[in-house]
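S.K.: Counting in the numbering used here, the sequence shown tops out at residue 1259, every number present.
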Amino acid sequence: MNKCQNKVTIVNKLGLHARAATKLAKLTQKFDAAITLQLEDKHAQADSIMALMLLTGSQGKEVLVTAEGEDAQSALEAVCQLFSDRFDEPE
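(1) Leaving out five residues on either side along the sequence, give the residues of the same chain with a beta carbon under 6 Å from the beta carbon of Lys1175.
(2) Could you say which of Gly1183, Ala1188, Phe1199 and Ile1178 lies nearest to Gln1241 if we only look at CA atoms?
(3) Is the Cβ-Cβ distance between Leu1250 and Leu1223 less than 7 Å?
(4) What separation, rounded to the nearest whole angstrom, lies between the Cα atoms of Lys1210 and Leu1244?
(5) In whole angstroms, what is the alpha-carbon distance linking Cys1248 and Glu1259?
(6) I'd like to confirm the pairing. Which residues does DSSP put opposite Glu1259 in its beta bridges?
(7) Across which residues does DSSP place Gln1173 in a beta bridge pair?
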């Protein structure tokens, strides 16, 4: 089973709020991979909007993204791109 990790920084102004968490959860459901996020000592499954919001990820925080499964590399790249694109938010 494939497993990969990468650290990303939350760059959008509002952080990992409801709309961003929803986009992330919907994106991760497209892949055959289990994706988790770790922010400090908290962990969340990326397909759970509520769990993502409970991470309370704000702008500037660093998040460790782990993907495990058949599509692990593709899933990790897509998640990292979503963070880089500020969840398609203007700022």
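We put the beta carbon where it would ideally sit given N, CA and C, even for glycine.
M.R.: This is what the structure holds:
(1) One-based indexing of the sequence shown puts residue 1175 at position 7. Within the same chain, Lys1175 has close Cβ partners Glu1230 and Leu1232.
(2) The count along the sequence shown starts at 1 and reaches residue 1241 at position 73. Of the candidates Gly1183, Ala1188, Phe1199 and Ile1178, the residue whose Cα lies closest to the Cα of Gln1241 is Phe1199.
(3) In the sequence shown, residue 1250 corresponds to position 82, counting from 1. In the sequence shown, residue 1223 corresponds to position 55, counting from 1. Between Leu1250 and Leu1223, the C-beta spacing is not below 7 Å.
(4) Residue mapping note: residue 1210 aligns to position 42 of the sequence shown, counting from 1. Residue mapping note: residue 1244 aligns to position 76 of the sequence shown, counting from 1. C-alpha of Lys1210 to C-alpha of Leu1244: approximately 19 Å in a straight line.
(5) Locating residue 1248 in the sequence shown gives position 80, counting from the first residue. Locating residue 1259 in the sequence shown gives position 91, counting from the first residue. So the alpha carbons of these two residues sit roughly 17 Å apart.
(6) Within the sequence shown, residue 1259 is the residue found at index 91, counting from 1. Here Glu1259 is not bridged, per DSSP, to any residue.
(7) Start at 1 with the first residue of the sequence shown, and residue 1173 comes out as number 5. Note: Gln1173 sits in a beta bridge opposite Thr1234.
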